[in-house]
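Every letter in the sequence shown is one number past the one before it in full-length UniProt numbering, and letter 105, counting from 1, is 105.
The next block holds one structure in the form of structure tokens; read it before the comments.
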Amino acid sequence: MTTKPQDFPRRTALAALGAGMGAALLSACGRGEAATGAIAPLKSHAPFPLGVCAMTAQMGDPQWAAMIATHFDRLTPEWEMKMEYILQPDGSLRFDAPDRIVQQARNYGQSVLGHTLIWYAQDGDSFQRLKGNRPAFEVAYRAYIRDVMTHYKGHVDGWDVVNEPILDDGSDLRDCLWREVLGDAYIDMAYQAAHEADPACPLILNDYNLEYYPAKRKRFLSLVEGMLKRGVPLHVLGTQTHIAADLPRGAIRETLRDLAATGLKIHLSELDISLKEAAKNALDFKDYRDAQRALYEEAAEAYAALPSAQQFGLTIWGLRDKDSWYNRKDRGLIADEPLLFDDAGQLKPVGQAFVKAL
Numbered sequence: 001m002t003t004k005p006q007d008f009p010r011r012t013a014l015a016a017l018g019a020g021m022g023a024a025l026l027s028a029c030g031r032g033e034a035a036t037g038a039i040a041p042l043k044s045h046a047p048f049p050l051g052v053c054a055m056t057a058q059m060g061d062p063q064w065a066a067m068i069a070t071h072f073d074r075l076t077p078e079w080e081m082k083m084e085y086i087l088q089p090d091g092s093l094r095f096d097a098p099d100r101i102v103q104q105a106r107n108y109g110q111s112v113l114g115h116t117l118i119w120y121a122q123d124g125d126s127f128q129r130l131k132g133n134r135p136a137f138e139v140a141y142r143a144y145i146r147d148v149m150t151h152y153k154g155h156v157d158g159w160d161v162v163n164e165p166i167l168d169d170g171s172d173l174r175d176c177l178w179r180e181v182l183g184d185a186y187i188d189m190a191y192q193a194a195h196e197a198d199p200a201c202p203l204i205l206n207d208y209n210l211e212y213y214p215a216k217r218k219r220f221l222s223l224v225e226g227m228l229k230r231g232v233p234l235h236v237l238g239t240q241t242h243i244a245a246d247l248p249r250g251a252i253r254e255t256l257r258d259l260a261a262t263g264l265k266i267h268l269s270e271l272d273i274s275l276k277e278a279a280k281n282a283l284d285f286k287d288y289r290d291a292q293r294a295l296y297e298e299a300a301e302a303y304a305a306l307p308s309a310q311q312f313g314l315t316i317w318g319l320r321d322k323d324s325w326y327n328r329k330d331r332g333l334i335a336d337e338p339l340l341f342d343d344a345g346q347l348k349p350v351g352q353a354f355v356k357a358l
């Protein structure tokens, strides 16, 4: 089904690329510090890994690269470790873009979070062709997980194995190709295959809207409880925390408390707080800026209050406002401002409040 993963450190072309990136970033560091007002690295305020998402298209921007190197401990590939990128129509695998992100992280002593192996929203032609043959489908399913895990063995500090498995109303698991062919067991099977490929790697279950829908959070925790009872190798729970600035206060704290009650490590995995979603596309966000600041403070305070043994890390879903997925999907008449840094690379008041609350 796949090409054989090569030994990552032996990729001489990749190493040369990394060296070139290193030189570019070193030359850009001064500019990056100036652009952010020579503030102390954000990561210096956090006693746990502080991460940010990244794409290779951003790596040619000297300011972005310097800021990433300065402020964060961990990179999460935003898209290029997903099946949509890696799995080719003929069943072979391509790793060029995610390898670049891993190399950049290695150059600066950062870790990488693998994101994501199995997601309801992506499958691929090679799996579609096998859906009428369950035994062959299962072999291919396990092989994909094994090969990707093996390729990055020793180069990531965790994997989002299954992403977003629960319906928002909490009534059931999402329908997807994986469930259609393999049944509900597709989830356990993914974690078993991942663990077999890399027994030392922390394996994560990641979902979103757990702050908004208590029924979804309850169903998520029920899934977790069942997995643990069945002996499934699950080590970390991820709550994405893509939220709008009108989320009721206390919802983030309550969600983290409920997840932490499992005893597993917790990853606040994709934090951003949209003004535009709260304002319902109004042209003025002024009524929501204070609420956004309060929610960023709540996220930082609530996560910092978790037992240190359960703090897997906190990841911001983008560097500057212009890097946010909200502004890529539909910028409209006015851009969103969901992140800690503005388009010019300045730490915003909301970012200052977040750092103070860590």
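Using N, Cα and C, we set each Cβ at its ideal position, and we do this for glycine too.
(message) Quick check: what's the CA-CA separation for residue 278 versus residue 136?
(response) Counted from its first residue, the sequence shown places residue 278 at position 278. Counted from its first residue, the sequence shown places residue 136 at position 136. One C-alpha to the other measures close to 46 Å.
(request) Please look up how many angstroms separate the CB atoms of residue 211 and residue 251, rounded, as I've assumed it's under 8 Å. (result) As a working mapping, residue 211 is identified with position 211 in the sequence shown. As a working mapping, residue 251 is identified with position 251 in the sequence shown. Taking a contact as a CB-CB distance under 8 Å, the pair residue 211 and residue 251 counts as one, their CB atoms being some 4 Å apart.
(message) Threshold first: 3 residues or longer. Then list the beta strand (DSSP E) segments lying entirely within the segment 217–268, N to C.
(response) Those beta strand (DSSP E) runs which fall completely within the segment 217–268 and span 3+ residues are 236–239 and 242–244.
(message) Within the continuous beta strand (DSSP E) that includes residue 206, where are the two ends?
(response) To locate residue 206, count along the sequence shown from 1; it is residue 206. Where residue 206 is concerned, the enclosing beta strand (DSSP E) stretches over 203–207.
(request) Pick out whichever of 108, 148 and 53 has its Cα sitting closest to the Cα of residue 87. (result) As a working note, residue 87 is residue 87 in the sequence shown. Residue 148 is the option with its Cα nearest to residue 87.
(message) Along the chain, where does the beta strand (DSSP E) containing residue 115 start, and where does it finish?
(response) Mapped onto the sequence shown, residue 115 falls at position 115. Residue 115: member of the beta strand (DSSP E) spanning 114–119, first to last residue.
(message) Excluding the 5 residues flanking residue 225 on each side, which residues of the same chain have their C-beta closer than 8 Å to its C-beta?
(response) As a working note, residue 225 is residue 225 in the sequence shown. In its chain, beyond the 5 residues on either side, 262 have a beta carbon closer than 8 Å to the beta carbon of residue 225.
(request) Under 8 Å by Cβ, that's how I've got residue 187 and residue 162 pegged, so tell me the actual separation to the nearest angstrom. (result) Walking along the sequence shown from the start, residue 187 turns up at place 187. Walking along the sequence shown from the start, residue 162 turns up at place 162. In this structure, residue 187 and residue 162 form a Cβ contact; the two beta carbons are roughly 5 Å apart against a cut-off of 8 Å.
(message) Comparing C-alpha positions only, which one of 325, 295 and 82 sits nearest to residue 114?
(response) Reading the sequence shown from its first residue, position 114 is the one you call residue 114. Distances from the CA of residue 114 to each of 325, 295 and 82 were compared; the closest alpha carbon is that of 82.
(message) Using the Cβ count rule (16 or more neighbours within 10 Å means buried), how would you classify residue 329?
(response) As a working note, residue 329 is residue 329 in the sequence shown. Exposed, because fewer than 16 other Cβ atoms sit within 10 Å of the Cβ of residue 329.
(message) Can you find the residues in the same chain that come closer than 8 Å, C-beta to C-beta, to residue 40, ignoring five residues on each side of it along the sequence?
(response) Start at 1 with the first residue of the sequence shown, and residue 40 comes out as number 40. For residue 40, same chain residues with a beta-carbon under 8 Å away, outside a window of 5 residues either side, do not exist.
(request) Give the secondary structure of residue 167 by DSSP, where H, G and I count as helix, E and B as strand, and everything else as coil. (result) Numbered from its first residue, the sequence shown carries residue 167 at position 167. Residue 167 falls in the coil class under three-state DSSP.
(message) Taking the alpha carbon of residue 346 as the reference point, which residue from 357, 322, 335 and 358 has its own alpha carbon closest?
(response) The sequence position of residue 346 within the sequence shown is 346, counting from 1. When only C-alpha atoms are compared, the closest one is 322.
(message) Using a 10 Å radius around the Cβ and a threshold of 16 neighbouring Cβ atoms, would you call residue 318 buried or exposed?
(response) Taking the first residue of the sequence shown as position 1, residue 318 is located at position 318. When all chains shown are included, residue 318 counts as buried.
(request) Please name the residue in 173, 168 and 200 whose C-alpha comes closest to that of residue 152. (result) By one-based count along the sequence shown, residue 152 stands at place 152. Comparing Cα-Cα distances from residue 152 to each of 173, 168 and 200, the minimum goes to 200.
(message) What does the Cβ neighbour count give for residue 265, buried or exposed, with the cut at 16 atoms within 10 Å?
(response) Within the sequence shown, the letter at position 265 stands for residue 265. Under this definition residue 265 is a buried residue.
(message) Am I right that residue 53 and residue 70 are in contact with their C-beta atoms under 8 Å? What's the rounded C-beta distance?
(response) As a working mapping, residue 53 is identified with position 53 in the sequence shown. As a working mapping, residue 70 is identified with position 70 in the sequence shown. Incorrect: roughly 16 Å between the Cβ atoms, too far for contact.
(request) Figure out for me which residue from 175, 154, 116 and 130 has the closest Cα to the Cα of residue 240. (result) Taking the sequence shown and counting its residues from 1, the one referred to as residue 240 is at position 240. Residue 116 is the option with its Cα nearest to residue 240.
(request) Output the boundary residues of the alpha helix (DSSP H) element that contains residue 137. (result) Start at 1 with the first residue of the sequence shown, and residue 137 comes out as number 137. Per DSSP, residue 137 is one residue of the alpha helix (DSSP H) stretching across 134–151.
(request) Compute the distance between the beta-carbons of residue 48 and residue 311, then report whether it is under 7 Å. (result) Within the sequence shown, numbered from 1, the residue matching residue 48 stands at position 48. Within the sequence shown, numbered from 1, the residue matching residue 311 stands at position 311. A contact, by the Cβ cut-off of 7 Å.
(request) Mind checking who residue 51 pairs with in its DSSP beta bridge? (result) Working through the sequence shown from its first residue, we reach residue 51 at position 51. 74 and 315.
(request) Work out the CA separation of residue 255 and residue 218 for me, nearest whole Å. (result) Start at 1 with the first residue of the sequence shown, and residue 218 comes out as number 218. Start at 1 with the first residue of the sequence shown, and residue 255 comes out as number 255. If you draw a straight line from the Cα of residue 218 to the Cα of residue 255, it is about 10 Å long.
(request) Compute the minimum distance between the beta carbon of residue 232 and the heavy atoms of the ligand SAM, and state whether it is under 6 Å. (result) Among the ligands in the structure shown, none appear at all, so the ligand SAM cannot be discussed.
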